[in-house]
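Asker: One structure coming up, written as structure tokens, with questions to follow.
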Amino acid sequence: MWRAIVAAVWLPGAGGALAEEADPQLDAALLQCPGAAPFVEADRLREQALARRSAGIEPSEPRLREQLLEMARLDQQARDGDWSQAMVEKMLAVDAANLAKIR
Numbered sequence: 028m029w030r031a032i033v034a035a036v037w038l039p040g041a042g043g044a045l046a047e048e049a050d051p052q053l054d055a056a057l058l059q060c061p062g063a064a065p066f067v068e069a070d071r072l073r074e075q076a077l078a079r080r081s082a083g084i085e086p087s088e089p090r091l092r093e094q095l096l097e098m099a100r101l102d103q104q105a106r107d108g109d110w111s112q113a114m115v116e117k118m119l120a121v122d123a124a125n126l127a128k129i130r
């Protein structure tokens with residue numbers, strides 16, 4: 028029953044793209060915490076609004092933008108794991124490298 032409620036709240040505004048890009052972990056989390064569904068939907072709507080506002084805007088420094096996007100990708104990659112000691116050390120190393128670059 029909860030899955031039906033979550034799907035009713037979360038999927039209608041998502042369009043076909045979200046149905047194709049289903050996230051089983053998110054689905055499981057929303058089953059455990061159905062109250063989070065409105066926040067997930069609000070976040071999706073914020074992302075869509077930002078994409079609409081940003082459409083057609085060219086960055087003034089494209090190389091810097093690419094560097095920042097790569098830093099963000101590595102940052103998120105370092106945080107995707109089991110939170111073992113080795114993973115935390117990798118995360119701290121990525122954070123230190125990124126901090127040095129943005130100072």
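Add 27 to a position in the sequence shown, counting from 1, and you land on the number used in the numbering used here. By construction, the Cβ of each residue, glycine as well, lies at the ideal position given by its N, Cα and C atoms.
1. Tell me the residue span of the alpha helix (DSSP H) that contains I129.
2. So, are the CB atoms of A64 and L57 less than 9 Å apart?
3. Ignoring anything shorter than 4 residues, give me the alpha helix (DSSP H) runs that lie fully in the stretch 45-73, in order along the chain.
4. Need the endpoints of the alpha helix (DSSP H) that A82 sits in, please.
5. Might you give, ordered along the chain, the residues of its own chain that have their beta carbon closer than 7 Å to the beta carbon of R106, omitting 5 neighbours on each side?
6. Tell me which same chain residues have a C-beta within less than 8 Å of the C-beta of A127, skipping the five on either side of it?
7. Beta carbon of V121, beta carbon of D102: below 9 Å?
Answerer: The relevant details are as follows:
1. 112-129
2. yes
3. 51-59
4. That residue, A82, is in no alpha helix (DSSP H); it is neither H nor E in DSSP.
5. M118
6. none
7. yes
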